[in-house]
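Numbering (the working numbering), first residue to last: 1 to 328.
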């Protein structure tokens, strides 16, 4: 049974001289935070757009500066029910679960949440089909929460491995804050084409200027991205590596290994090229995806404060490729 929605209450604040007053949206996030309420900036911008944030009794604009002493009235917007359809037929490998969150070992080929071209058959559809997860189906703090309830980070469709999903808004915001502060332990393993070297890649990271499906480090402006690469095993014309993330940008490992390491991930059709070696070509084709697996996930539990640590073994398809490379 779903819980009855909590009544929407208008909160009133006074902007002080020490608050961030250059933008109304930043100010509201800070005022709510000081009062013990978590809200994303995107959600606050939506509330402002819909006239639910008043400055001295008048609707404000997200970009407006606010004078010290101004009265700010904030009325959160009602949550939108999830449009993702529950689907209990999708199998999930649950590594850990409690009242606040669930850790999944995602198989390759499973899309994390509904998006263009993937309206169903996703991890979110599977989670909604399980008892208890419906609590996160209506999310007032995330403007797209009706499409990705509880999702705080993602794995590409063809990347396998560990993923944590929140069951309630408070847990989701706390986990998002940990990801933003890079206070999450994440390690991936990958098979790359070529002779990889021990390296730390620290670059800017942004969308490719001409190909909207790709990201690149060759940008003048972007977000900081840091990946630490450790060689695990030499495999002839390939290398098994471990990648530790200090940041978590979209496609970060794939971009860093291809552009900076010059060792693209085996089977990565977006950032790699077809291997010249016939044996590698055959292995990449048999794998049918990039050889990338999220092996380690660790974080402090938002509710209990306990440190959680999970490890996932290399999946069978990647293990077969690695063994074949050893035999060569």
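By construction, the Cβ of each residue, glycine as well, lies at the ideal position given by its N, Cα and C atoms.
Bear in mind the structure is a predicted one, so any value in this text is a computation, not a measurement.
Query	Result
Would you check if the stretch 195–203 and the stretch 286–297 touch, i.e. whether three or more CB-CB distances between them fall below 8 Å?	no
Roughly how many angstroms lie between the CA atoms of residue 367 and residue 264, to the nearest whole one?	Lying before the first or after the last residue shown, residue 367 is absent from the chain, which here runs from 1 to 328.
Determine the DSSP secondary structure at residue 223, reduced to helix, strand or coil.	strand
What is the DSSP secondary structure of residue 276, counted as helix, strand or coil?	coil
Taking the C-alpha atoms as reference points, what is the distance between residue 190 and residue 98?	30 Å
Using a 10 Å radius around the Cβ and a threshold of 16 neighbouring Cβ atoms, would you call residue 306 buried or exposed?	exposed
Measure how close the beta-carbons of residue 235 and residue 322 come, nearest whole angstrom, since I'm counting them as under 8 Å.	7 Å
Bridge partners for residue 202 per DSSP, in chain order?	226
Between which two residues does the alpha helix (DSSP H) holding residue 178 run?	169–180
By the three-class DSSP mapping on this structure, what secondary structure does residue 231 have?	strand
Would you report the Cα separation of residue 130 and residue 151, rounded to the nearest angstrom?	15 Å
Report yes or no: do the stretch 210–218 and the stretch 182–196 share at least 3 C-beta pairs separated by less than 8 Å?	no
Helix, strand or coil, according to DSSP, for residue 44 in the structure here?	helix
Can you list, in chain order, the residues of its chain whose CB lies under 6 Å from that of residue 32, leaving out five sequence neighbours each side?	39
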